Amino acid sequence: MALLGSLATLRAQTAHMEIFAATFTYLDEMFRAGSPAAVRLAGAAVGVTTRIDLTGGAFALEQVYQTKARPEGFFESHRKYIDVQVVVTGEEVMELVENSRLTVSMAYEAERDFIKYADYAGASVLRLNAGEAAIFFPVDGHMPGLRPGGVAGLVRKTVIKVPVPA
Numbered sequence: 000m001a002l003l004g005s006l007a008t009l010r011a012q013t014a015h016m017e018i019f020a021a022t023f024t025y026l027d028e029m030f031r032a033g034s035p036a037a038v039r040l041a042g043a044a045v046g047v048t049t050r051i052d053l054t055g056g057a058f059a060l061e062q063v064y065q066t067k068a069r070p071e072g073f074f075e076s077h078r079k080y081i082d083v084q085v086v087v088t089g090e091e092v093m094e095l096v097e098n099s100r101l102t103v104s105m106a107y108e109a110e111r112d113f114i115k116y117a118d119y120a121g122a123s124v125l126r127l128n129a130g131e132a133a134i135f136f137p138v139d140g141h142m143p144g145l146r147p148g149g150v151a152g153l154v155r156k157t158v159i160k161v162p163v164p165a
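Structural data, given as structure tokens:
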């Protein structure tokens, strides 16, 4: 099931897992003031997603967006990649539920590594602030990008896609 918390906590929880090495190397750069990654994300326009290839088959999707109302969200999961979703600036709400409790609404798309699910009212609700992250494994149905209140807020975020070990 998912891991949640500060970057320091997640680093400690995954220190024994070599698959996350590239993730934390990249995040060290992202959170270093003035680094190319920090400057790139800070200057990105709303609605833009930039892919950054990392080592070991991992890659990052740097995103800038306005959080959305709950009815606009949807649950998703992935088979080939673990999602490490890191809020760099802003805050957002995410929902989480084991995908065995969900009903598939859009079949698996291998090219996008994406499964979409019908809505589910019994999910856990998570609130992530700047510097906090969630690691979602293939069993984790998740709905990211939600408003923490009634008003949309700007989020600058990176989602690192870590290949699932064979």
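Using numbering that gives the first Met the number 0, you'd call the opening residue of the sequence shown number 0 and step up by one each time.
From the three backbone atoms N, C-alpha and C, an ideal C-beta is built for every residue, glycine too.
These numbers come from a predicted model, not from an experiment.
Notebook entry, point to check: DSSP beta-bridge partners for Ile18?
Noted result: Partner(s): none; Ile18 has no beta bridge.
Margin query: Applying the 10 Å Cβ sphere with the 16-neighbour rule, what's the burial state of Glu75?
Written below: Within 10 angstroms of the beta-carbon of Glu75 lie 16 or more other beta-carbons, which makes it buried.
Margin query: Which of the three DSSP states is assigned to Arg39 in this structure?
Written below: The three-state reading of DSSP puts Arg39 in helix, counting H, G and I together.
Next item on the list: Starting from Leu166, follow its DSSP beta bridges and name the residues at the other end.
Entry: Absent from the model: residue 166. The displayed extent of the chain is 0 to 165, so no value can be given.
Note to self: How far does the beta strand (DSSP E) with Ala232 in it extend, from its first residue to its last?
What the structure shows: Residue 232 lies beyond the residue range present for the chain, which begins at 0 and ends at 165; the question has no answer from this structure.
Note to self: The beta strand (DSSP E) that contains Arg155, what's its start and end?
What the structure shows: In this chain, the beta strand (DSSP E) harbouring Arg155 covers Leu153 to Pro162.
Margin query: If you follow the alpha helix (DSSP H) that Thr54 is in, where does it begin and where does it stop?
Written below: First-last for Thr54: undefined, no H or E at that position.
Margin query: So, does the region 43 to 59 touch the region 109 to 124, judging by three or more C-beta pairs under 8 Å?
Written below: Between the region 43 to 59 and the region 109 to 124 there are fewer than three C-beta pairs closer than 8 Å, too few to call the two in contact.
Check: When you compare only the Cα positions, how much space is there between Ala41 and Asp27?
Finding: Their Cα atoms are separated by approximately 15 Å.
Next item on the list: Using three-state DSSP, classify Ala68 as helix, strand or coil.
Entry: Note: Ala68 maps to coil in three-state DSSP.
Check: On the three-state DSSP scale, how would you describe Ala7?
Finding: Here DSSP, grouped into helix, strand and coil, assigns Ala7 to helix.
Notebook entry, point to check: What does a CB cutoff of less than 6 Å around Val85 pick up in its chain, not counting 5 residues either side in sequence?
Noted result: So the qualifying residues of the chain are Ala132 and Thr157.
Next item on the list: Give the straight-line distance between the Cα atoms of Phe58 and Ala117, rounded to the nearest whole angstrom.
Entry: Their backbone Cα atoms lie some 28 Å apart in a straight line.
Margin query: Could you check whether the Cβ of Leu2 sits closer than 9 Å to any Cβ belonging to chain C?
Written below: Here there is only one protein chain, and chain C is not present.
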